[in-house]
Amino acid sequence: VAIRDKVMSNFDKAASLPAGPERDRLLTVVVVGGGFAGIEVFAELRSLASALVGKYPQISFEDTHFHLIEAMGRIMPEV
69 VAIRDKVMSN
79 FDKAASLPAG
89 PERDRLLTVV
99 VVGGGFAGIE
109 VFAELRSLAS
119 ALVGKYPQIS
129 FEDTHFHLIE
139 AMGRIMPEV
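Going by our numbering, the first residue of the sequence shown is number 69, and it counts up by one from there.
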């Protein structure tokens, strides 16, 4: 819930800013861990961002940046 609220707050702040580094920072999400839980969090946050783009016409999905970081050589190493 806290992460969702933070993403929603960041979208709200970014919507009032012009394009630039601060807006990019607010619209960037980094998930660390490419296991089952990390992939699930990543997917849920992308889905949330997709829904929020519809609420904020000033922000396009292309303005958002999502990064998944995994220490192993590949994501979902347990598979």
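A virtual CB, placed ideally from N, CA and C, is assigned to each residue, including glycine.
These numbers come from a predicted model, not from an experiment.
Whole-number beta carbon distance between residue j and residue i, since they are thought to touch under 8 Å
{"i": "V121", "j": "F129", "result": "5 Å"}
Reduced DSSP secondary structure (H/G/I, E/B, other) of residue i
{"i": "I107", "result": "helix"}
{"i": "L120", "result": "helix"}
{"i": "S147", "result": "What sits at residue 147 in the sequence shown is Val, not Ser. V147 falls in the coil class under three-state DSSP."}
{"i": "L136", "result": "strand"}
Chain-order list of residues whose beta-carbon lies under 8 Å from that of residue i (same chain, five-residue window excluded)
{"i": "M11", "result": "The shown model of the chain, from 69 to 147, leaves out residue 11, and the question about it has no answer."}
Heavy atom of the ligand COA within 7 Å of residue i beta-carbon
{"i": "H133", "result": "The model on display carries no ligand, and the ligand COA is accordingly not part of it."}
Option in the options with minimal Cα separation from residue i
{"i": "P89", "options": "I137, M144, M140, H133", "result": "H133"}
{"i": "R91", "options": "I71, I127, E112", "result": "I127"}
Contact set for residue i: own chain, Cβ-Cβ below 7 Å, skip 5 residues either direction
{"i": "R114", "result": "F134"}
{"i": "G101", "result": "E138"}
Proximity below 8 Å, CB of residue i to CB of residue j
{"i": "E146", "j": "G103", "result": "yes"}
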